[in-house]
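Asks: What follows is a structure written as structure tokens; I'll ask about it next.
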DNA sequence: CACGAGACCTGTTCGC
DNA sequence: TGCGAACAGGTCTCGT
């Protein structure tokens, strides 16, 4: 589920606390309980359980869709994939049906990774770059400029939607924000990336930054039973709006499949090249 | 290199 | 009403 804005929202809540839980920065872990072994990517179960006790949280951040929890001398990294979520709760609470990893603190609170579909993964590594080094630029970083985007787009001959969702090309875009950004930029999702003109790249750059920023300002998007608290779903332009009028021109939104992913677009605002 | 299919998983919604 | 198909925020691997 979580794309960049949702992970950013979670990182901020863990760092600063929320109305239902305190910040975790400064807290010390006592132990780890793993309820679904495959959620732990690395290291081994034994090593993980041995290294967690005594580790103190020093900071919480994000890189792409990865949540980065800095500890004393290691990094705890979590990717929530499709259905993962993180909560900070009292140790008095019962374990929920899809809790996969429970990390207890020494003050009665615990950090829980819940993940219905079991796609999410957790790493404990000495150097976070072991994982982050393969990621593309951060879309909200100052080094990511319209010129950089244009240069990178034209270096490949890919369907633009799939390229934007490729985490080694750009870190953090998923199915929702990519559909929204392409609609805002009036670009057809199957357009070949090397055919994008400089002006289109500028519009796309602005659109990417805008949808991500709006997503963050609204605490991310909450759909179905996964992920609570966000409001950005109330501002979707085309995502999951099949048959509803385009907010710009009223043409019904169309759903196609691109790279096995449902893709939503306005056929009038985002005409296929050659029309 | 670029793409499609299949895998990994569970739960909800859709269509007949 | 019931039941199987389709679909869901993601990513990896394999075959062409």
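Residue numbers (my numbering): 399 to 673.
We put the beta carbon where it would ideally sit given N, CA and C, even for glycine.
Since the structure is predicted, the reported quantities are computational estimates derived from the model, not experimental observations.
Please report the straight-line C-alpha distance between residue 519 and residue 439, rounded to a whole angstrom.
Replies: Your numbering for residue 519 matches position 121 in the first chain. Your numbering for residue 439 matches position 41 in the first chain. Each residue's alpha carbon lies about 6 Å from the other.
Asks: Can you round the beta-carbon distance between residue 579 and residue 606 to whole angstroms, since I take them to be within the 8 Å contact cut?
Replies: On the first chain, residue 579 is found 181 positions in, with the first residue counted as 1. On the first chain, residue 606 is found 208 positions in, with the first residue counted as 1. Confirmed, about 5 Å.
Asks: For residue 419, collect the residues of the same chain with a Cβ closer than 8 Å to its Cβ; drop the 5 residues on either side in sequence, then sort them by chain order.
Replies: To locate residue 419, count along the first chain from 1; it is residue 21. So the list reads 411, 485, 486, 487 and 507, once near-sequence residues are dropped.
Asks: Let me know the beta strand (DSSP E) ranges lying completely inside the segment 414-473, each 3 residues or longer, listed in chain order.
Replies: List check, beta strand (DSSP E) in window: 427-432, 438-440, 457-461 and 464-468.
Asks: Start and end of the alpha helix (DSSP H) containing residue 576?
Replies: Stepping through the first chain from its first residue, residue 576 is reached at position 178. Element bounds for residue 576: 573-582.
Asks: Could you give the residue range of the alpha helix (DSSP H) that holds residue 611?
Replies: On the first chain, position 213 is the one that residue 611 refers to. 596-615 is the extent of the alpha helix (DSSP H) around residue 611.
Asks: Does the separation of the CB atoms of residue 498 and residue 472 fall below 8 Å?
Replies: The residue labelled residue 498 in the question sits at position 100 within the first chain. The residue labelled residue 472 in the question sits at position 74 within the first chain. Contact flag unset, no.
Asks: For a minimum of 3 consecutive residues, which ranges assigned as the beta strand (DSSP E) are wholly contained in the segment 644-668?
Replies: Within the segment 644-668, the complete beta strand (DSSP E) runs of at least 3 residues are 652-656 and 659-663.
Asks: Residue range of the alpha helix (DSSP H) that residue 520 falls in?
Replies: Residue 520 sits at position 122 when you count from the first residue of the first chain. Here residue 520 belongs to no alpha helix (DSSP H); instead the beta strand (DSSP E) covers 519-523.
Asks: Rounded to whole angstroms, how far is the Cβ of residue 662 from the Cβ of residue 637, which I believe are closer than 8 Å?
Replies: Taking the first chain and counting its residues from 1, one reaches residue 662 at position 264. Taking the first chain and counting its residues from 1, one reaches residue 637 at position 239. Correct: roughly 5 Å between the Cβ atoms.
Asks: Quick one: Cα of residue 631 to Cα of residue 577, how far?
Replies: Within the first chain, numbered from 1, the residue matching residue 631 stands at position 233. Within the first chain, numbered from 1, the residue matching residue 577 stands at position 179. Residue 631 and residue 577: Cα-Cα distance of roughly 13 Å.
Asks: Which value, in whole angstroms, describes the spacing of the CA atoms of residue 601 and residue 435?
Replies: For the purposes of this step, residue 601 is taken as residue 203 along the first chain, with counting starting at 1. For the purposes of this step, residue 435 is taken as residue 37 along the first chain, with counting starting at 1. C-alpha separation (whole angstroms): 44 Å.
Asks: Residue 651: which of 658, 569, 595 and 668 sits nearest, CA to CA?
Replies: Indexing the first chain from 1 puts residue 651 at position 253. Considering only alpha carbons, the answer is 668.
Asks: Between residue 454 and the rest of its own chain, which residues show a CB-CB distance below 8 Å, the 5 nearest in sequence each way excluded?
Replies: Within the first chain, the letter at position 56 stands for residue 454. Contacts found: 424, 425, 426, 427, 469 and 470.
Asks: Below 8 Å between beta carbons: does that hold for residue 555 and residue 515?
Replies: Taking the first chain and counting its residues from 1, one reaches residue 555 at position 157. Taking the first chain and counting its residues from 1, one reaches residue 515 at position 117. Contact flag unset, no.
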